[in-house]
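A.B. asks: Chains as they are written, first to last, in our numbering: chain A, 287 to 716; chain B, 333 to 645.
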Amino acid sequence: MNKLFFGGVHPKYNKEMSTQDPVLQTITPKTVVIPMQQHIGAPCVPLVQVGDQVKRGQKIGDAEGLCVPVHASVSGTVVAIERRPHPTAGTALAVVIENDFKDETVTNPIPGTEDEILHAIREAGIVGMGGAAFPGNVKALSAMGNVDTLIANGCECEPYITADDTLLRTNPEQVLEGMMILAKILVPQRIVLAVEDNKAQAIAKLKALQAQFPKIEIKVLPTLYPQGAEKQLCQSVTGREVLPGKLPVSVGCAVFNVSTFAAIYRAVKLGMPLTARIVTVSGEAISKPQNFIVPMGTPFEVLVKAAGGLNDKTERVISGGPMMGFAQSNLEAPVVKATNSILCLLKDENGAAENPVCLRCGKCVEACPMRLQPLYMYRYVKANRLDQLERLNLMDCMECGACAFTCPGKLPLVEKFRLGKKMIREAGKK
Amino acid sequence: MNLTVASSPHIRGNFSTRRIMLDVVIALLPALCVGTFVLGWRSLVVALISVAAAVAAEWLYGMVTKSRNTVIDGSAMVTGLLLAMTLPHTVPYWMAAVGSAFAIIFVKMLCGGLGQNIFNPALTARAFLMLIYPVGLTRYVGVDGVTAATPLHHMVMPALPEESLLDMFLGNCPGSIGEISALALLIGGAYLVYRKVISIRIPAAYIGTVAVMTLVFYRTEEPFAWMGYQLLSGGLLLGAIFMATDYATSPATPVGQVLYGVGCGGLTVFFRYFGLFPEGVTYAILIMNALVWLIDRHTAPRRFGVKKGGAAK
Chain A
287 MNKLFFGGVH
297 PKYNKEMSTQ
307 DPVLQTITPK
317 TVVIPMQQHI
327 GAPCVPLVQV
337 GDQVKRGQKI
347 GDAEGLCVPV
357 HASVSGTVVA
367 IERRPHPTAG
377 TALAVVIEND
387 FKDETVTNPI
397 PGTEDEILHA
407 IREAGIVGMG
417 GAAFPGNVKA
427 LSAMGNVDTL
437 IANGCECEPY
447 ITADDTLLRT
457 NPEQVLEGMM
467 ILAKILVPQR
477 IVLAVEDNKA
487 QAIAKLKALQ
497 AQFPKIEIKV
507 LPTLYPQGAE
517 KQLCQSVTGR
527 EVLPGKLPVS
537 VGCAVFNVST
547 FAAIYRAVKL
557 GMPLTARIVT
567 VSGEAISKPQ
577 NFIVPMGTPF
587 EVLVKAAGGL
597 NDKTERVISG
607 GPMMGFAQSN
617 LEAPVVKATN
627 SILCLLKDEN
637 GAAENPVCLR
647 CGKCVEACPM
657 RLQPLYMYRY
667 VKANRLDQLE
677 RLNLMDCMEC
687 GACAFTCPGK
697 LPLVEKFRLG
707 KKMIREAGKK
Chain B
333 MNLTVASSPH
343 IRGNFSTRRI
353 MLDVVIALLP
363 ALCVGTFVLG
373 WRSLVVALIS
383 VAAAVAAEWL
393 YGMVTKSRNT
403 VIDGSAMVTG
413 LLLAMTLPHT
423 VPYWMAAVGS
433 AFAIIFVKML
443 CGGLGQNIFN
453 PALTARAFLM
463 LIYPVGLTRY
473 VGVDGVTAAT
483 PLHHMVMPAL
493 PEESLLDMFL
503 GNCPGSIGEI
513 SALALLIGGA
523 YLVYRKVISI
533 RIPAAYIGTV
543 AVMTLVFYRT
553 EEPFAWMGYQ
563 LLSGGLLLGA
573 IFMATDYATS
583 PATPVGQVLY
593 GVGCGGLTVF
603 FRYFGLFPEG
613 VTYAILIMNA
623 LVWLIDRHTA
633 PRRFGVKKGG
643 AAK
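1. Count the other C-beta atoms from every protein chain shown that fall within 10 angstroms of the C-beta of Gln311(A), then say buried if there are 16 or more, exposed otherwise.
2. At a CB-CB cut-off below 8 angstroms, which residues of chain B make contact with Leu661(A)?
3. At the level of alpha carbons, what is the spacing between Pro371(A) and Thr305(A)?
4. Using a cut-off of 8 angstroms between C-beta atoms, extract the partners of Glu652(A) located in chain B.
5. At a Cβ threshold of 7 angstroms, is Ser382(B) touching chain A?
6. Between the Cα of Met668(B) and the Cα atoms of Arg458(B), Val377(B), Val378(B), which residue gives the shortest distance?
7. Quick one: give me the first and last residue of the alpha helix (DSSP H) that Glu676(A) is part of.
8. Mind the definition here: the region 626-633 of chain A touches the region 651-659 of chain A only if three or more C-beta pairs lie below 8 angstroms; say whether that holds.
9. What does Tyr511(A) pair with, by DSSP beta-bridge criteria?
10. Drop a sphere of 10 angstroms on the beta-carbon of Arg602(A), count the other beta-carbons inside from all chains shown, and report buried for 16 or more, exposed for fewer.
11. Could you pull out every unbroken beta strand (DSSP E) segment of at least 3 residues lying fully inside the region 403-456 of chain A, listed in chain order?
12. Nearest to Gly293(A) by CA position, among Ala375(A), Thr314(A), Ser522(A), is which residue?
13. Would you mind telling me which residues of chain A sit closer than 8 angstroms to Met333(B), beta carbon to beta carbon, in chain order?
14. Please go through the same chain and pick out, in chain order, the residues whose beta-carbon is closer than 8 angstroms to the beta-carbon of Ser382(B), but skip the five residues on each side of it.
15. Should Arg408(A) go down as buried or exposed, given a rule of 16 or more other Cβ atoms within 10 Å for buried?
16. Under 8 angstroms between beta-carbons, which chain B residues line up against Gln614(A)? List them in chain order, please.
17. Is there contact between the region 591-599 of chain A and the region 422-437 of chain A, where contact requires at least three CB pairs shorter than 8 angstroms?
18. CA-CA distance, Leu442(B) and Leu675(A)?
19. Identify the contact partners of Ala408(B) in chain A, using a Cβ-Cβ distance below 7 angstroms as the criterion.
20. Reducing DSSP to helix, strand and coil, say where Ser531(B) ends up.
21. With DSSP as the reference, label Thr377(A) as helix, strand or coil.
22. By DSSP's criteria, Cys353(A) is part of a beta bridge. Which residues make up the other side?
23. Please report the residue range of the alpha helix (DSSP H) in which Asn394(A) lies.
24. Assuming Val319(A) and Pro585(A) form a contact by the criterion Cβ under 8 angstroms, report the distance between their Cβ atoms to the nearest whole angstrom.
25. Do the CB positions of Glu611(B) and Gly540(B) come within less than 7 angstroms of each other?
26. Need the endpoints of the beta strand (DSSP E) that Lys345(A) sits in, please.
27. For Phe556(B), which three-state DSSP category applies?
28. Going by beta-carbon coordinates alone, are Ile367(A) and Pro315(A) separated by less than 7 angstroms?
29. What residue from Val360(A), Ala449(A), Ile467(A), Tyr299(A) has the CA that sits closest to Ile396(A)'s CA?
30. Which chain B residues sit within Cβ distance under 9 angstroms of Ile604(A)?
31. Using beta carbons (cut-off 7 angstroms, strictly below), is Phe574(B) in contact with chain A?
32. Interface residues of chain A around Phe549(B) at Cβ under 8 angstroms?
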């Protein structure tokens, strides 16, 4: 198939590792650690106290402003409210709940009118589940009246991860129903579910449901990392390029992850808050890679054990994918709303070199989906040349890692670009 | 268990500097084989001496400057081999050794080492040898062992060479060790493109430009034959496929690579038509080398989300 966006790379996908086991097991952890910050924006303030009894689905944290609430993911007793490890933020304030295994639940009211839908999405604590964790209701609100294309992102272009794929194979109708709910509010001309062509089973399931959802277009895209990046996805689906520093809504697109749509369906039709998600546990260092249905706040350790435990030679544990995920220093962090995967990798023989040298081969220029020139950006970050970095549009970099992946000299490109961006931001403050 | 906490990406592709250098050596082997087979075993000895001198020079440089030893990346081997390819097989051995050492120490290492040099080390060394001892580089011995004029010498007159185009394509003609067989060079080039070591942009733009210019400005009665001989003679294919594509000394942007190839092609024809020597590839590429940063700077890919010529903000 033709490339629909510039650049991109073809990493080894390793997705079949975690899709062999047909049973989707549900995890029931003894304790859950629920961070008050699981979204972009203001952190929640705990609404419970140590000793309180809580039910699954009960709101335990909320705040004003750009914020969505968090809910208890199991029923039981609050045993601590303190700073605990967080998969992407180091540590964060968290409510720790001991599971009583009674699984008592509460649900939210089911919205009657369209006006109530956005409120229901907020109250269910829904965030973008592809990784960014932007509050779902705010994104939907900003798209109202501004978009003509609603896109469900089912690309899942990161290697190893099959969480969205698993959702599409097991509950495709939830995703499609969720899309129709948002379509009712946003009234787009096109409703597109985009999926990469390496998910044959999911595509077959979706096509079988096509008759029930005639308004939804199932768009099969070529497998190419980072096909699932928002800007590249908008380009692949509509041919439009999102302006520098702008969001997809600026070119009339609203993009949500397929898992987010399924969560919207459960919130709006069943009144269920976002208290669990599908997580892929995979990688060469895991003995039984598979997907699980995981209550939010389940520590990584529990999942790794459920997947058969860790190889002694494990070199890296990553929250998220191998291209953009966060390396963990231990297994203490809990699953949060944006955690789609826990990857346990052995030492990468192709890994970073001791003395990385740029050959000027230009492969990074060919790989960059934002059409940047990583080799020069790298040089100028090292030389502290902010003027040159701005000329080279360093801030356009989305840190997808395609350049570093392809680099024969094994330069720490993304690492340096993060540093460079920080330098530019700090210079801007002065 | 010790977990590594490092920046993403956590996986890397299987390109590596050594793999690339090894691929270039492999790609040069067909041409070296033809050179050895047609011109004699001395070709192989020249190549071995040149490689050994380059590797030794890089190793010594590391020792003397007490810096990291970089011989292991394989780039010195490539430089030595490339220089040998541009030399006649009759060249005195000391010239091959001196040339290689010059290329490594003065052109590469003193400029900052791998990836930092502005000029192609092998070609700069060739230009240097040309200055200090031109006789060694301009005396060619033909297949029959007698001193012969290369096809390019005929074309200066201008006249078509005695060899048939087929002979020149296969390598049955006098010339430098690695230049005589177009077929062998094209096989090597195809291998490099297949292995994604080089893109086809620079060689295609380079060779295409020479083809068009020699066809338009033909100098004998038969324009197409003239073009054919121009393409197959001298160091054009070696230069276009192996020298102009040298990473450190060629542009990194796709548009820049095309421009650079066109520039190399245009200058090559210019030097061949109006220069003092029959050949112009060396100087064409060296001059374009000097323009690489300028070209890159003005051929940045169009910024994502900004229309061509549109404002950036």
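For every residue, glycine included, the Cβ atom is placed at its ideal position computed from N, Cα and C.
C.D. replies: According to the data block:
1. As a working mapping, residue 311(A) is identified with position 25 in the first sequence. So Gln311(A) counts as exposed.
2. On the first sequence, position 375 is the one that residue 661(A) refers to. Within chain B, Ala584 have C-beta atoms less than 8 angstroms from the C-beta of Leu661(A), given in sequence order.
3. Against the first sequence, residue 371(A) aligns to sequence position 85. Against the first sequence, residue 305(A) aligns to sequence position 19. Each residue's alpha carbon lies about 29 angstroms from the other.
4. As a working mapping, residue 652(A) is identified with position 366 in the first sequence. Using a Cβ-Cβ cut-off of 8 angstroms, Glu652(A) is close to Ser531, Pro586 of chain B, given in chain order.
5. The residue you call residue 382(B) lines up with position 50 of the second sequence. No, no contact with chain A.
6. Nothing can be reported for residue 668(B), as the shown portion of chain B is limited to 333 through 645.
7. Sequence index remark: in the first sequence, residue 676(A) carries index 390 (1-based). Start and end: 672-677.
8. Result no; under three Cβ-Cβ pairs closer than 8 angstroms.
9. Indexing the first sequence from 1 puts residue 511(A) at position 225. The partner list for Tyr511(A) (beta bridge, DSSP) reads Val295(A).
10. Taking the first residue of the first sequence as 1, we reach residue 602(A) at position 316. Buried is the call here.
11. Entirely contained in the region 403-456 of chain A, the beta strand (DSSP E) runs reaching 3 residues are, in chain order, 435-440.
12. Working through the first sequence from its first residue, we reach residue 293(A) at position 7. Restricting attention to Ala375(A), Thr314(A), Ser522(A), the CA atom closest to the CA of Gly293(A) is found in Ser522(A).
13. In the second sequence, residue 333(B) corresponds to position 1, counting from 1. Result: Leu596, Asp598, Thr600.
14. As a first step, residue 382(B) is located in the second sequence; it is residue number 50 there, counting from the start. Only Gly412, Leu413, Leu415, Ala416, Leu419, Ala428, Ala429, Gly431, Ser432 meet the Cβ criterion.
15. The sequence position of residue 408(A) within the first sequence is 122, counting from 1. Answer is buried; the Cβ neighbour count reaches 16.
16. On the first sequence, position 328 is the one that residue 614(A) refers to. The contacting residues are Leu335, Val337.
17. Flag = no, the region 591-599 of chain A and the region 422-437 of chain A do not touch.
18. On the second sequence, residue 442(B) is found 110 positions in, with the first residue counted as 1. On the first sequence, residue 675(A) is found 389 positions in, with the first residue counted as 1. In a straight line, the C-alpha of Leu442(B) is about 27 angstroms away from that of Leu675(A).
19. Here residue 408(B) refers to the residue found at position 76 when the second sequence is read from its first residue. Near Ala408(B) there are no residues of chain A at all, since even the closest Cβ is about 13 angstroms away, more than 7 angstroms.
20. Along the second sequence, read from residue 1 onward, the residue named residue 531(B) stands at position 199. Reduced to three states, the DSSP call for Ser531(B) is coil.
21. Counting from 1 along the first sequence, the entry for residue 377(A) is found at position 91. Residue state, collapsed to three classes: strand.
22. For the purposes of this step, residue 353(A) is taken as the residue at position 67 of the first sequence. Cys353(A) pairs with nothing; no bridge assigned.
23. As a working note, residue 394(A) is residue 108 in the first sequence. Here Asn394(A) belongs to no alpha helix (DSSP H), and DSSP marks it neither H nor E.
24. Here residue 319(A) refers to the residue found at position 33 when the first sequence is read from its first residue. Here residue 585(A) refers to the residue found at position 299 when the first sequence is read from its first residue. Rounded, the Cβ-Cβ distance is 6 angstroms, consistent with contact.
25. In the second sequence, residue 611(B) corresponds to position 279, counting from 1. In the second sequence, residue 540(B) corresponds to position 208, counting from 1. Against a cut-off of 7 angstroms, the Cβ pair of Gly540(B) and Glu611(B) comes out as no contact.
26. For the purposes of this step, residue 345(A) is identified with residue 59 of the first sequence, where counting begins at 1. For Lys345(A), the enclosing beta strand (DSSP E) covers residues 345-348.
27. Here residue 556(B) refers to the residue found at position 224 when the second sequence is read from its first residue. In this structure, DSSP gives Phe556(B) a helical state, which the three-state scheme calls helix.
28. What you label residue 367(A) is simply residue 81 of the first sequence in a count that begins at 1. What you label residue 315(A) is simply residue 29 of the first sequence in a count that begins at 1. Against a cut-off of 7 angstroms, the Cβ pair of Pro315(A) and Ile367(A) comes out as no contact.
29. Within the first sequence, the letter at position 110 stands for residue 396(A). Per the Cα distances, Ile467(A).
30. Position 318 of the first sequence, counted from the start, is the residue given in the question as residue 604(A). Here the neighbours are Ser340, His342.
31. As a working note, residue 574(B) is residue 242 in the second sequence. It does not: the Cβ of Phe574(B) has no partner Cβ on chain A nearer than 7 angstroms.
32. As a first step, residue 549(B) must be located in the second sequence, where it is residue number 217. In chain order: nothing, as chain A lies at least about 32 angstroms away.
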